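Residues are numbered in this note's numbering as their position in the sequence shown, beginning at 1, plus a constant of 11. Please read the structure below before turning to the comments.
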Amino acid sequence: NGQVVGAVMLSRTPRGLFVGIYQDRGKIALGVMLILMALVVLAALLSRGIARPIQALAAASADVARGGASIPEAPATAAIEIRELYANFAAMALRVDQRTRYLRDFATAMSHEFKTPLTGIQGALELLMDHGQTMAPAERRRFLDNAMADSRRLSRLVERLLDLSRAELAIATDNLHCDIVAVARDFVAETTAPDLLVELRTPDRPVFGQALPETLRSVLATLTENSRQAGARNVRIEIEAQEA
């Protein structure tokens, strides 16, 4: 009837707790083993899906840095992010290989282009040093003119290298847009080779393209000079617009 007539207090001493743990030792040991097994399985999955692929990718990047081109395939068990990393690395390695090939071919071509006029200048100077005193004035003048022509060729090569460096800078900023017809007309107007006739055929309207004026002028100058050196007397440049 709303009156407290007594109280019962239940408690467990520490000794009783240890006894309960001892009595349930089998279940506790089984739980610890299951937890350890789960940790081992998770570690194996992480190693197979993340750690090993990353180690293989690190080895591949070191090989690419040494000049190799071995690009490993992403393991089938790798995580999605790791597969994307492999794909990005493959694209990067391909661009690096293309860039390396370009630089190697460019260095080979430029060394050949520079070697020819340098050899001519060196030969003319050697002849003038050895036989300059006994040469006729006309013959001496001819060797000097050849050396001067080779020096002008070297100067043009240097100018083309500078144009190429400016083109690379413009490409890095995506500044690629010019009137191809206008560039070709300016080039033909500036061409002053007395032994070469340059003819230009273009549409009656501007033709815009994804290119750089410096690059186009360099290409036209190289083709024209190579044609002249090969014995050509007439060069025809045609520009045709095509729908993309």
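The beta carbon of each residue, even a glycine, is placed where N, CA and C say it ideally should be. In this text, all values refer to a predicted model and were calculated from it rather than measured experimentally.
Going by beta carbons, V218 and I191 fall inside the 7 Å limit. No Cβ-Cβ contact shorter than 7 Å links V199 with V246. Counting only residues of its own chain and dropping the five nearest sequence neighbours on each side, L139 has a CB closer than 8 Å to the CB of M146, R151, F154, L155. DSSP places E210 inside the beta strand (DSSP E), whose first and last residues are 208–212. Residues of the same chain with their beta carbon placed closer than 6 Å to that of A49 are lacking, with the five preceding and five following residues left out of the count. Membership of N245 in the beta strand (DSSP E) is indicated by the continuous run 245–249.
Taking every protein chain shown into account, the CB of A85 has 16 or more other CB atoms within 10 angstroms, so this residue is buried. Note that the stretch 128–137 does not touch the stretch 100–116; fewer than 3 beta-carbon pairs, one per stretch, sit closer than 8 Å. Under the three-state reduction of DSSP output, D35 falls in the coil class, being neither helix nor strand. Scanning its chain for C-beta atoms nearer than 8 Å, with the 5 sequence neighbours on each side dropped, one finds around C189 the residues F219, G220, A222, L223, P224, L227, in chain order.
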